[in-house]
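J.: Quick one: the structure is below, and I'll ask about it shortly.
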Amino acid sequence: MALVLAGVWWNFEATHYYKADQGIVCHAVVPQYNSHGNYFIGSSRTTPYHTTPSSCANDSYPFEQYLYHGSIGYYSFYEGEVGTYCAKSKTAYIVVEVLGSYDINGSFLAKDTGSTNTRGSYWYIIIGGFWLVFRAVTIRRSFISLMRYGHKCDEMHEIIGQHDAMVFVQENMRLSAHGATNYQRAAILALIVEGIMADLFLIIAHDGWRAQVQYTRSYAKFLKPHKMPQLLVVPSDLQQETANISSVCPVQGYLLAGVWWNLHPTHYYNTKNGTICHGVVPQYNLHGNYWIGDATTTPYYRTPANCIDNSFVYDMYMYHGSIGFYSFYEEVVGTYCAKDNFAYVVVDVLGTYDINGVFLAADTGSVNLRLSYWYGIAGVVWLIYRGLTIHRSFVACRRYGRKCTEMGVGLHQKEAMVFVQESLRWSAHGASNYQRAALLYLIVEGIMSDLFLIIANDNWTTKIQYLSLGYNLSGLMLLLFEMVESMQWLSDKWRQRVKRVKRVFFSYETALVGELVSALALQAFLTGLNGSDFKRSRPVALAVSYYFWSLISHSVVVAVITGIIASVRVPTAITLMMLGGYRWEHGRLYYKVTALKAFGMLKMEEDGVEYLALQKLHWFTVPRDNLVGIGVISGQRVEPCHERPCTGIITLLDRKLGGGLSQVDTRHHVRPSRAMVELGPKNAWVTAPLSIGE
Numbered sequence: 026m027a028l029v030l031a032g033v034w035w036n037f038e039a040t041h042y043y044k045a046d047q048g049i050v051c052h053a054v055v056p057q058y059n060s061h062g063n064y065f066i067g068s069s070r071t072t073p074y075h076t077t078p079s080s081c082a083n084d085s086y087p088f089e090q091y092l093y094h095g096s097i098g099y100y101s102f103y104e105g106e107v108g109t110y111c112a113k114s115k116t117a118y119i120v121v122e123v124l125g126s127y128d129i130n131g132s133f134l135a136k137d138t139g140s141t142n143t144r145g146s147y148w149y150i151i152i153g154g155f156w157l158v159f160r161a162v163t164i165r166r167s168f169i170s171l172m173r174y175g176h177k178c179d180e181m182h183e184i185i186g187q188h189d190a191m192v193f194v195q196e197n198m199r200l201s202a203h204g205a206t207n208y209q210r211a212a213i214l215a216l217i218v219e220g221i222m223a224d225l226f227l228i229i230a231h232d233g234w235r236a237q238v239q240y241t242r243s244y245a246k247f248l249k250p251h252k253m254p255q256l257l258v259v260p261s262d263l264q265q266e267t268a269n270i271s272s273v274c275p276v277q278g279y280l281l282a283g284v285w286w287n288l289h290p291t292h293y294y295n296t297k298n299g300t301i302c303h304g305v306v307p308q309y310n311l312h313g314n315y316w317i318g319d320a321t322t323t324p325y326y327r328t329p330a331n332c333i334d335n336s337f338v339y340d341m342y343m344y345h346g347s348i349g350f351y352s353f354y355e356e357v358v359g360t361y362c363a364k365d366n367f368a369y370v371v372v373d374v375l376g377t378y379d380i381n382g383v384f385l386a387a388d389t390g391s392v393n394l395r396l397s398y399w400y401g402i403a404g405v406v407w408l409i410y411r412g413l414t415i416h417r418s419f420v421a422c423r424r425y426g427r428k429c430t431e432m433g434v435g436l437h438q439k440e441a442m443v444f445v446q447e448s449l450r451w452s453a454h455g456a457s458n459y460q461r462a463a464l465l466y467l468i469v470e471g472i473m474s475d476l477f478l479i480i481a482n483d484n485w486t487t488k489i490q491y492l493s494l495g496y497n498l499s500g501l502m503l504l505l506f507e508m509v510e511s512m513q514w515l516s517d518k519w520r521q522r523v524k525r526v527k528r529v530f531f532s533y534e535t536a537l538v539g540e541l542v543s544a545l546a547l548q549a550f551l552t553g554l555n556g557s558d559f560k561r562s563r564p565v566a567l568a569v570s571y572y573f574w575s576l577i578s579h580s581v582v583v584a585v586i587t588g589i590i591a592s593v594r595v596p597t598a599i600t601l602m603m604l605g606g607y608r609w610e611h612g613r614l615y616y617k618v619t620a621l622k623a624f625g626m627l628k629m630e631e632d633g634v635e636y637l638a639l640q641k642l643h644w645f646t647v648p649r650d651n652l653v654g655i656g657v658i659s660g661q662r663v664e665p666c667h668e669r670p671c672t673g674i675i676t677l678l679d680r681k682l683g684g685g686l687s688q689v690d691t692r693h694h695v696r697p698s699r700a701m702v703e704l705g706p707k708n709a710w711v712t713a714p715l716s717i718g719e
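Residue numbers (the working numbering): 26 to 719.
Take a look at the structure:
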């Protein structure tokens, strides 16, 4: 017998078997890798997994197994796998469903018969914790060393070429310190070997790209062409039927990634493979076909205990309409419980396809490969833009840090984080609303991808997606605020209020606590929302179109997630505002020197005049002469001026700024910094941090 896992063929030798209540449970081993485990083969035929060759289409059986892969230390990696066994080739085609570790190895591993108790490895937790901390400290040491060497070269007016810089980086990334003893090197060697074992196990358990950057990984998932199971594809000439649909298509909902989803049958087809039902989740513009097998089978792991003897094979594909003219594709497998009329499923294949609206509702599937060119183009543009934005932020932060070092001034952590937030803004200073609108569309597409991945998967790596979601939501709201402000629809009073809300809700986040809370609460919220009146909203969706109704429903989800994140950020923001960089004197608000420094505000002296200066953010580049003067400093007040290059002496501000300025017209704004000075007779104080270039 053999296994095919993650595109690799593995030999698998049976050593003995047990006669259990559910049938024959075999014990097998991959001898050359110290891998041991039990497997079970079902007795009834089922739909083969997507990695199974076509020759096994009518000769596949359910296959479940667990394996412990012995490591170097006294622990083993665990993988729970599901798939199908092909009797013709005597090969199981499987995917990993669960990963873990357990303190067992050697002869104890070979004799292990499994356990129904929860298992974990303290050895791996301790060793892994040490390794992660050591790697992080090493990277930090390297970064500081590189930064100081770079500053020293700048002081000596020496330029380091790329090749020389790479060699220096390699030298500084060495894991051992100079003068280390062999005992210390041996300890590090043990940690490295354990890390290599973990890397190898993850590579062979998954399709390599899982270890790549999260957003790029998501993009690759969706861009990969997908092919529907032939069983679920309906010939175009078949007639739709609706007679006795509630009994022919009994599925009322399905459980996916810990969330309950309502499913409304609309029609069905009688095919040579059986009845194919078409269902819809009306509030999210989800459409697809499903098939229920005739014979009972082993229930999926999330199926309740009372469904053990009432579970049937269940296959389904769904298209989830997005904002643009394409849809996300998910192919799920699992079991249907006849007792509660629910399906318990996991995602097997992801993809995208250029279809939406009425075409999506009428789609019957296809046996051809499908992919989305729309998503491919929009996704690659978004990835490139995100990369350039992060590069721009890195260069801006590095130059500002050098400037502070040259002036002999240090930056505290809070000040540095605020400056990073400012430099990571999506739009450039002076952007037009047309440019913001194009950027807004890309962000919305990114949010849709994040939401789909979160609800389609149920593992710990998916939780990282919440960080991307929170980042995109912050960018979305900031762009909307900027667009409203730039339209000049609001009076100064209301513009100040909008600015205050913007700063409180979408800045000063350093710990990503809001995203963590939303990750914990989203499953319960979606289950409650899907169980509400939304599940009976198909008549509304038909009246206004599935597409439009899904925009409203998705907006509700986004609003709740935004509310959760913002509710966590608000106390942090208020604390920083009240205790950090602001001072209230005689009914007027002033910015302390620390707040001005955090926002990158500098002072330029030229011909006896002091100007307020800042780093102007461009779209993709960071010119070396990007410092511009935007206001004239008079005491503790700032008067707007036309943007001018900084050719004078640059220093940090040495006094607080703010207060009243009765002679300044509040509607005189400087491009690109329209919100730089917001002072006037009836609004004689600064009500929000100096919002550069908004």
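In this text, a Cβ means the ideal position worked out from N, Cα and C, and glycines have one as well. The structure presented is a predicted model; accordingly, all values stated were derived computationally and were not measured.
Keeping to the same chain, check which residues put their C-beta closer than 6 Å to that of H579; ignore five residues upstream and five downstream.
T.: Around H579: no qualifying Cβ.
J.: Mapping DSSP to helix, strand and coil, what is F193?
T.: Note: F193 maps to helix in three-state DSSP.
J.: Grouping DSSP H, G and I as helix and E and B as strand, with all else coil, what is F65?
T.: Reduced to three states, the DSSP call for F65 is strand.
J.: Roughly how many angstroms lie between the CA atoms of W399 and D379, to the nearest whole one?
T.: Roughly 7 Å between the two C-alpha positions.
J.: Rounded to the nearest angstrom, how far is the Cβ of L464 from that of L504, given a contact under 8 Å?
T.: With a Cβ gap of about 6 Å, L464 and L504 count as contacting.
J.: How many angstroms separate the CA atom of F159 from the CA atom of R144?
T.: C-alpha separation (whole angstroms): 26 Å.
J.: Can you list, in chain order, the residues of its chain whose CB lies under 7 Å from that of V259, leaving out five sequence neighbours each side?
T.: These residues qualify, in order along the chain: Y294, T296, I301, N314, T389 and G390.
J.: Inspect the CB distances between the segment 329-347 and the segment 421-429 and report whether three or more fall short of 8 Å.
T.: The segment 329-347 vs the segment 421-429: no contact.
J.: Do you know offhand how far A45's Cα is from N63's?
T.: Distance between the alpha carbons of A45 and N63: 12 Å.
J.: With a cut-off of 8 Å, do at least 3 Cβ pairs link the segment 547-560 to the segment 262-269?
T.: No, they do not touch.
J.: Identify every residue that forms a DSSP beta bridge with K44.
T.: DSSP output for K44 lists I49 as bridge partner(s).
J.: In or out: F133 buried (at least 16 other Cβ within 10 Å) or exposed?
T.: So F133 counts as exposed.
J.: Could you check what DSSP says for F367 in three-state terms: helix, strand or coil?
T.: In this structure, F367 counts as strand in the three-state DSSP scheme.
J.: Using only the alpha-carbon positions, how far apart do Q277 and V305 sit?
T.: Rounded to whole angstroms, Q277 to V305 spans 11 Å at the Cα level.
J.: E104 to F155, Cα distance in whole Å?
T.: Rounded to the nearest angstrom, the two C-alpha atoms are 23 Å apart.
J.: Beta carbon of D84, beta carbon of K113: below 7 Å?
T.: Their beta carbons are under 7 Å apart, which means D84 touches K113 by this criterion.
J.: Could you please give the first and the last residue of the uninterrupted alpha helix (DSSP H) stretch that includes W156?
T.: Per DSSP, W156 belongs to the alpha helix (DSSP H) from Y147 to E180.
J.: To the nearest angstrom, how far is it from the Cα of I150 to the Cα of Y127?
T.: Straight-line Cα distance between these residues: approximately 10 Å.
J.: Helix or strand or just coil, what does DSSP make of H17?
T.: The structure shown does not extend to residue 17, since the chain is modelled only from 26 to 719, so the question has no answer here.
J.: Just verifying my parser: in three-state terms, what is the DSSP assignment at E631?
T.: It is a strand residue.
J.: Taking just the CA atoms, how far does H643 sit from D254?
T.: In the sequence as presented, Asp is not what sits at residue 254; that position holds Pro. Approximately 48 Å, taken between the alpha carbons.
J.: DSSP on C422, reduced to helix/strand/coil?
T.: It is helical.
J.: Does the Cβ-Cβ distance between S60 and L92 come in under 7 Å?
T.: Yes; because the gap between Cβ atoms is below 7 Å, this pair is in contact.
J.: What do you get for M512, buried or exposed, if any count of 16 or more other CB atoms within 10 angstroms of its CB means buried?
T.: So M512 ends up on the exposed side.
J.: Helix, strand or coil for V647, going by three-state DSSP, please let me know.
T.: Reduced to three states, the DSSP call for V647 is coil.
J.: Can you grab the Cα-Cα spacing for the pair T646 / L216, in whole Å?
T.: Going from the Cα of T646 to the Cα of L216 covers about 41 Å.
J.: Is there contact between the segment 417-424 and the segment 445-454, where contact requires at least three CB pairs shorter than 8 Å?
T.: They touch, by the three-pair rule.
J.: Provide the residue span of the beta strand (DSSP E) that contains Y103, from first to last.
T.: Looking at the DSSP string, the run of the beta strand (DSSP E) that includes Y103 is S101 to C111.
J.: Look up E507 in the DSSP assignment and say whether it is helix, strand or coil.
T.: Of the three classes helix, strand and coil, the one that applies to E507 here is helix, per DSSP.
J.: What is the residue span of the alpha helix (DSSP H) that I380 lies within?
T.: Element bounds for I380: n/a, residue is neither H nor E.
J.: Do S562 and G346 count as a contact pair if the criterion is CB distance below 7 Å?
T.: It is not a contact, given that the beta carbons lie outside the stated cut-off.
J.: Pick helix, strand or coil for Y354, following the three-state DSSP scheme.
T.: Y354 falls in the strand class under three-state DSSP.
J.: Compute the distance between the beta-carbons of E219 and I152, then report whether it is under 7 Å.
T.: Yes. Within cutoff.
J.: Can you give me the Cβ contacts of D475 inside the same chain, cut-off strictly under 7 Å, excluding the 5 residues immediately before and after it?
T.: These residues qualify, in order along the chain: Q490, S493, L494 and N497.
J.: Below 7 Å between beta carbons: does that hold for H52 and T71?
T.: Going by C-beta atoms, H52 is not nearer than 7 Å to T71.
J.: Which residue's Cα is closest to the Cα of A10: A212, A363 and Q90?
T.: Lying before the first or after the last residue shown, residue 10 is absent from the chain, which here runs from 26 to 719.
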